[in-house]
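**Q** In UniProt numbering, the protein residues as written are 1 to 251. Just so you know, even glycine gets a beta-carbon here, dropped at the ideal spot from N, CA and C. Since the model is a prediction, treat every value here as computed from it, not as a measurement.
1. When you compare only the Cα positions, how much space is there between residue 180 and residue 235?
2. Helix, strand or coil, according to DSSP, for residue 26 in the structure here?
3. Could you work out which residue in 225, 15, 19, 204 is closest to residue 242 when comparing CA atoms only?
4. Tell me which same chain residues have a C-beta within less than 6 Å of the C-beta of residue 229, skipping the five on either side of it?
5. Let me know if residue 142 comes out buried or exposed under the rule of 16 or more other beta-carbons within 10 Å of its beta-carbon.
6. For residue 257, which of helix, strand or coil comes out of DSSP?
7. Would the region 118 to 127 and the region 86 to 93 be scored as touching if the rule is three or more Cβ pairs under 8 Å?
8. Measure from the alpha carbon of residue 214 to the alpha carbon of each residue in 169, 134, 2, then state which is nearest.
9. Since residue 17 and residue 38 are thought to touch, with beta carbons under 8 Å apart, how far apart are those beta carbons, to the nearest angstrom?
10. Would you mind sorting residue 152 into buried or exposed? The rule is 16 or more other CB atoms within 10 Å of its CB.
11. With DSSP collapsed to three states, give me the class of residue 211.
12. In three-state terms, what does DSSP make of residue 6?
13. Between which two residues does the alpha helix (DSSP H) carrying residue 221 extend?
14. Nearest-angstrom Cα distance between residue 127 and residue 13?
15. To the nearest angstrom, report how far apart residue 191 and residue 222 are at their CA atoms.
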């Protein structure tokens with residue numbers, strides 16, 4: 001049903017749902033097929049979906065429903081996203097994507113304002129792979145300003161990492177260290193050129209080992225305000241290579 005080309009019998013370029021005596025694809029008229037495959041809205045010929053629509057028109061309708069801001073129209077700020085999605089090849093893949101409940105939730109949230117249209121707000125959403133793909137589309141369409149991809153992935157990792165820290169005082173210290181020192185440094189580097197994965201991996205190790213040090217210190221019955229040089233020396237002595245990234249936190 002998806003075969004298109006020039007019919008060898010009538011020399012017209014159209015859908016070729018039939019077969020001739022040799023098994024070659026031919027058009028419906030030459031094959032004697034009574035049913036027509038013309039779309040009611042755009043007039044093209046192909047696989048009919050619900051309402052006798054093509055995949056492209058079906059996608060347009062689906063996006064209009066999902067991105068309705070409550071006025072019966074697509075949220076104006078998301079019109080560039082609609083445009084880029086409709087211009088992509090293979091609309092079927094977009095239709096499959098829209099079946100994902102998380103995609104539906106995110107799109108509807110952005111359209112109605114329940115999810116603020118910002119990078120910081122999207123950091124709080126999950127699952128991260130779905131959010132990352134949607135964020136790429138929002139940046140490609142110009143809806144959101146472009147931000148370094150490795151930086152975005154690091155920020156997503158940091159949010160999840162901080163969520164695993166049980167001690168509130170440790171979480172607060174790590175958030176301050178990671179946000180005001182490490183993340184700021186990555187942003188400065190990203191302004192000069194794309195970040196490499198090795199750069200963000202090193203920063204992750206710095207944060208991870210900083211958290212490990214706080215837990216280790218607590219195990220010795222000390223808070224960070226009670227930390228002495230002897231504690232730091234003992235920490236490094238046990239495993240210098242692994243724990244070296246914590247030095248930026250301990251300075």
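**A** So, to answer that:
1. Working through the chain shown from its first residue, we reach residue 180 at position 180. Working through the chain shown from its first residue, we reach residue 235 at position 235. Each residue's Cα considered, the two are about 24 Å apart.
2. One-based indexing of the chain shown puts residue 26 at position 26. In the structure shown, residue 26 sits in a strand (DSSP, three-state: E or B).
3. Within the chain shown, numbered from 1, the residue matching residue 242 stands at position 242. Nearest C-alpha to residue 242: 204.
4. As a first step, residue 229 must be located in the chain shown, where it is residue number 229. Cβ neighbours of residue 229 beyond the five flanking positions: none.
5. Along the chain shown, one-based indexing puts residue 142 at 142. By the 10 Å Cβ count, residue 142 comes out exposed.
6. Nothing about residue 257 can be read from this structure; the chain reaches only from 1 to 251.
7. In short, these stretches do not touch, since the Cβ pair count stays below three.
8. Sequence index remark: in the chain shown, residue 214 carries index 214 (1-based). Comparing Cα-Cα distances from residue 214 to each of 169, 134, 2, the minimum goes to 169.
9. Position 17 of the chain shown holds residue 17. Position 38 of the chain shown holds residue 38. So it is not a contact: roughly 12 Å between Cβ atoms.
10. Here residue 152 is taken as the residue at index 152 of the chain shown, counted from 1. It counts as buried.
11. Position 211 of the chain shown, counted from the first residue, corresponds to residue 211. Residue 211 falls in the helix class under three-state DSSP.
12. If you number the chain shown from 1, residue 6 lands on position 6. In this structure, residue 6 counts as strand in the three-state DSSP scheme.
13. Numbered from its first residue, the chain shown carries residue 221 at position 221. No alpha helix (DSSP H) contains residue 221, which DSSP labels as neither H nor E.
14. Numbered from its first residue, the chain shown carries residue 127 at position 127. Numbered from its first residue, the chain shown carries residue 13 at position 13. Distance between the alpha carbons of residue 127 and residue 13 is about 44 Å.
15. Locating residue 191 in the chain shown gives position 191, where the first residue counts as 1. Locating residue 222 in the chain shown gives position 222, where the first residue counts as 1. The alpha-carbon atoms of residue 191 and residue 222 are separated by roughly 39 Å.
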